[in-house]
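Here's the structure, in structure tokens; my notes come after.
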Amino acid sequence: MPRQPKKTKLSIYLIKEAIENPEEIFRNEPGHEDIEDIGTLYYWHSANHEPSWLQSFLGGRLTAETRNAIFGASARAVVLVRVQIRPGVHRLFAVTFGNGWQYLNKDVFEERFGLLCTLNTIDPDQLRKVDSKNIASIPKDMSEQLSKAGVASDFAIDPEQSLIVGIAGVAADSGTFGKIVTGRDAFNVTVATDLSNIGDFLELCYKKYADKGYREQFDWIDHISQVRAPKRQSELDKQLLASIQPPNQPGTWMAVPDIVQWQQISGFRYSKNGELFDDIDLPNFLASLSNNARQDLTIKTLKTRQIICVRTDQTQEYCHWNAYRCLYCEVHKDDIVFLLSGGKWYEIQGDYVTQINAAYKKFRDAGSSTTLPPMLLDRQTNLFEREDEYSQRVAGRQADRACLDCKLIRHGSTHSKIEFCDIYEPSRFIHVKKYGASSVLSHLFAQGLVPAELFLEDEEFRRKLNKKLPDALKLRDVSAKPDVSGIEVVFAIASSRSGVLELPFFSKVTLTAARKQLERLGYKPSLLKIEADRTG
Numbered sequence: 070m071p072r073q074p075k076k077t078k079l080s081i082y083l084i085k086e087a088i089e090n091p092e093e094i095f096r097n098e099p100g101h102e103d104i105e106d107i108g109t110l111y112y113w114h115s116a117n118h119e120p121s122w123l124q125s126f127l128g129g130r131l132t133a134e135t136r137n138a139i140f141g142a143s144a145r146a147v148v149l150v151r152v153q154i155r156p157g158v159h160r161l162f163a164v165t166f167g168n169g170w171q172y173l174n175k176d177v178f179e180e181r182f183g184l185l186c187t188l189n190t191i192d193p194d195q196l197r198k199v200d201s202k203n204i205a206s207i208p209k210d211m212s213e214q215l216s217k218a219g220v221a222s223d224f225a226i227d228p229e230q231s232l233i234v235g236i237a238g239v240a241a242d243s244g245t246f247g248k249i250v251t252g253r254d255a256f257n258v259t260v261a262t263d264l265s266n267i268g269d270f271l272e273l274c275y276k277k278y279a280d281k282g283y284r285e286q287f288d289w290i291d292h293i294s295q296v297r298a299p300k301r302q303s304e305l306d307k308q309l310l311a312s313i314q315p316p317n318q319p320g321t322w323m324a325v326p327d328i329v330q331w332q333q334i335s336g337f338r339y340s341k342n343g344e345l346f347d348d349i350d351l352p353n354f355l356a357s358l359s360n361n362a363r364q365d366l367t368i369k370t371l372k373t374r375q376i377i378c379v380r381t382d383q384t385q386e387y388c389h390w391n392a393y394r395c396l397y398c399e400v401h402k403d404d405i406v407f408l409l410s411g412g413k414w415y416e417i418q419g420d421y422v423t424q425i426n427a428a429y430k431k432f433r434d435a436g437s438s439t440t441l442p443p444m445l446l447d448r449q450t451n452l453f454e455r456e457d458e459y460s461q462r463v464a465g466r467q468a469d470r471a472c473l474d475c476k477l478i479r480h481g482s483t484h485s486k487i488e489f490c491d492i493y494e495p496s497r498f499i500h501v502k503k504y505g506a507s508s509v510l511s512h513l514f515a516q517g518l519v520p521a522e523l524f525l526e527d528e529e530f531r532r533k534l535n536k537k538l539p540d541a542l543k544l545r546d547v548s549a550k551p552d553v554s555g556i557e558v559v560f561a562i563a564s565s566r567s568g569v570l571e572l573p574f575f576s577k578v579t580l581t582a583a584r585k586q587l588e589r590l591g592y593k594p595s596l597l598k599i600e601a602d603r604t605g
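In terms of our numbering, the sequence shown has 165 at position 96, counting the first letter as 1, and numbering is strictly consecutive.
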């Protein structure tokens with residue numbers, strides 16, 4: 070009767086098809102020993118004691134010299150195994166032990182191998198942990214773990230805005246994959262597998278990776294993924310540089326990458342003592358470079374050249390960013406769109422892009438029931454008026470309007486310091502924001518959703534809001550739940566760019582989610598462009 074292997078924790082990576090040479094796979098040169106009919110063990114010298122997996126997985130297949138070299142609390146090794154996944158086609162797997170994964174080059178493995186294997190292996194009703202990244206608003210990494218197994222809706226996952234980077238759950242077939250499986254780039258399992266049957270097990274792992282069955286439960290998970298392979302990033306950066314060179318491509322521009330308090334800043338400089346501009350603009354940035362730097366533009370220049378945000382007194386710096394982080398770029402390739410946002414590249418499925426763009430265009434073109442005057446240019450400073458100045462000026466023109474910009478309402482532990490809107494009308498809540506990158510505009514849409522929810526559901530919040538309103542506009546009965554079916558929530562974005570209002574893709578995603586939620590609450594959301602008046 071054959072020996073039953075002991076359970077061993079395995080971390081499995083799938084090496085990319087084009088990579089065959091171990092010199093391409095590892096960051097530095099390891100020791101190695103060929104394992105007959107299986108593959109090759111690569112290891113790095115350590116000391117102290119023999120790791121448990123050396124016996125449970127590798128058994129007696131290694132020479133004494135190799136076994137002695139792998140001793141240590143920080144033992145690290147990788148077994149490369151070539152497996153036939155279908156007739157005539159082989160793939161290379163890296164099974165890592167200890168810290169061996171740290172010695173794999175980042176470009177060599179399939180980035181979502183473990184994630185897709187896990188999605189096709191777990192019981193969808195038995196999730197335990199989800200690691201995600203919210204990419205449509207302020208960048209936020211989240212790791213949530215349940216005290217007991219649950220479903221996707223038990224986690225704070227927004228299918229339209231969450232990039233799932235890792236997942237753990239209970240395996241549907243625990244006899245084959247163990248009880249708990251986890252996956253990111255690596256597929257992590259604890260199984261009764263050793264060298265005698267590792268080939269069969271890896272073949273099964275590949276079938277799980279290639280299976281599209283996970284889309285029945287997690288169809289949204291392929292919408293967005295982050296590009297992390299340095300080689301792919303480099304290729305996209307080359308296309309970015311090509312799109313920057315005049316004439317600039319319509320899918321590439323610059324914008325403020327973070328939320329700023331516009332009332333506290335006077336403008337932006339592209340060098341310490343350079344000219345002050347009212348906004349960040351790609352042509353102005355390029356003009357600030359020397360002829361040589363502009364003609365031979367490099368990613369290094371973009372990542373080292375600072376854009377300075379200047380305080381209102383024009384003597385102190387408010388904050389600064391490198392130029393690369395301020396760039397937005399779209400690269401279209403076949404059915405995939407690659408986006409540079411906030412200094413990171415993302416891969417977006419083409420059908421999802423089409424869906425979001427169509428929803429945005431329909432919403433934008435529907436317009437708003439109101440109009441707002443242009444944002445004015447100050448002749449003395451050559452800068453556009455601040456958001457608070459604009460809101461005060463516009464609200465002061467009509468008796469049924471009130472400026473609530475910067476009039477914060479302290480409410481609750483999670484919603485403290487809430488700005489209800491910038492310009493209040495009984496039938497309109499108007500939110501004003503200068504154009505910016507995804508995080509800036511996404512914050513605007515979230516800023517419109519939260520107070521709208523509280524206004525509808527929370528009597529105490531309405532009471533606090535009433536104290537901020539002038540007597541003529543106060544709510545008559547704060548205790549009664551309001552009828553919001555006639556109230557328009559207006560997102561008004563000031564932009565000096567000519568033509569229709571075009572937003573970064575992730576802002577369109579956030580806007581779509583906010584619009585749907587506002588409509589579910591009974592509001593009428595709308596989008597409005599505030600033009601820029603340079604004639605002054």
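Beta carbons: idealized from backbone N, C-alpha and C, even for Gly.
On a predicted model such as this, the values are computed, not experimentally measured, just so you know.
Query                                                                                                                                                                      : Result
Which residue spans inside the stretch 495 to 577 form an unbroken alpha helix (DSSP H) run of at least 4?                                                                 : 507 to 526, 528 to 537
Going by DSSP, what residue range makes up the alpha helix (DSSP H) through Leu445?                                                                                        : Looking at the DSSP string, Leu445 is not in any alpha helix (DSSP H); the run it does join, the beta strand (DSSP E), is 444 to 447.
Could you tell me the distance, in whole angstroms, from the CA atom of Gly591 to the CA atom of Gly568?                                                                   : 31 Å
Between Thr262 and the rest of its own chain, which residues show a CB-CB distance below 8 Å, the 5 nearest in sequence each way excluded?                                 : Pro74, Thr77, Leu79, Phe126, Phe270
Using the C-alpha atoms, what's the distance from Lys413 back to Ile377?                                                                                                   : 20 Å
Applying the 10 Å Cβ sphere with the 16-neighbour rule, what's the burial state of Pro319?                                                                                 : exposed
Which residue comes first and which comes last in the beta strand (DSSP E) that contains Phe256?                                                                           : 256 to 260
Which residue's Cα is closest to the Cα of Thr165: Arg151, Tyr112, Ser212?                                                                                                 : Tyr112
Can you give me the C-alpha to C-alpha distance between Leu534 and Lys543, rounded to a whole angstrom?                                                                    : 9 Å
Cutting at 8 Å between CB atoms, please list the residues of its own chain near Ile349, excluding the five before and the five after it.                                   : Met323, Ala324, Val325, Phe337, Ile376, Cys395
I believe Phe524 touches Pro551 by the beta-carbon criterion, under 8 Å. Please report the beta-carbon distance rounded to the nearest angstrom.                           : 7 Å
Any contact of the stretch 249 to 259 with the stretch 175 to 192, i.e. 3+ C-beta pairs under 8 Å?                                                                         : yes
May I ask which residues mark the beginning and end of the beta strand (DSSP E) holding Gly235?                                                                            : 231 to 240
Between Trp289, Gly244, Arg566, which has its C-alpha nearest Ser231's C-alpha?                                                                                            : Trp289
Quick check on Met70: does DSSP put it in helix, strand or coil?                                                                                                           : Only weak support exists for where Met70 lies, its pLDDT of 47 falling under 50; the value from the coordinates is given anyway. It is coil, neither helix nor strand.
Going by the beta-carbon positions, is the gap between Ala100 and Ala144 smaller than 8 Å?                                                                                 : The question names Ala, but residue 100 in the sequence shown is Gly. No; because the gap between Cβ atoms is not below 8 Å, this pair is not in contact.
Rounded to the nearest angstrom, what separates Val239 and Pro193 at their Cα positions?                                                                                   : 9 Å
Within the same chain, show all residues whose beta-carbon is closer than 6 Å to that of Val199, passing over the 5 residues directly before and after it, in chain order. : Glu213, Phe224, Ile236
Select from Glu89, Cys388, Ile104, Ile478 the residue whose C-alpha is nearest the C-alpha of Arg532.                                                                      : Ile478
Would you tell me roughly how many angstroms separate the C-alpha atoms of Lys598 and Phe560, rounded to the nearest one?                                                  : 8 Å
Need the endpoints of the beta strand (DSSP E) that Asp103 sits in, please.                                                                                                : 100 to 104
Less than 6 Å between C-beta atoms, sequence neighbours within five positions excluded: which residues of the same chain meet that for Ser437?                             : Val559, Ser595, Leu597
Please report the distance separating the alpha-carbon of Ala241 from that of Val220.                                                                                      : 14 Å
Can you tell me whether DSSP reads Ala435 as helix, strand or coil?                                                                                                        : helix
Express the C-alpha separation of Lys577 and His484 in angstroms, rounding to a whole number.                                                                              : With a pLDDT of 48 at His484, under the threshold of 50, the predicted position of this residue should be treated as unreliable, though the coordinate-derived value follows. Approximately 24 Å between the Cα atoms of the pair.
Taking just the CA atoms, how far does Lys537 sit from Glu304?                                                                                                             : 53 Å
Could you pull the start and end residues of the alpha helix (DSSP H) that Ser303 belongs to?                                                                              : 299 to 313
Alpha carbons only, please: which of Lys277, Trp390, Leu452, Phe575 is nearest the one belonging to Leu345?                                                                : Leu452
Whole angstroms are fine: how far does the CA of Lys593 sit from the CA of Val553?                                                                                         : 8 Å
For a test of the three-state rule: what should DSSP assign to Val250, helix, strand or coil?                                                                              : strand
Assign Thr190 to one of two classes, buried (16 or more other C-beta atoms within 10 Å of its C-beta) or exposed (fewer than that).                                        : buried
Ordered along the chain, which non-local residues of its own chain (more than five positions away) have a Cβ less than 7 Å from that of Phe246?                            : Thr190, Ala240, Val258, Val260
Taking its Cβ as the centre, do 16 or more other Cβ atoms sit within 10 Å of Val158, making it buried, or is it exposed?                                                   : exposed
Can you check whether the CB of Ile84 is closer than 8 Å to the CB of Ala146?                                                                                              : no
Sort out for me which residues DSSP pairs Glu213 with in a bridge.                                                                                                         : Val199
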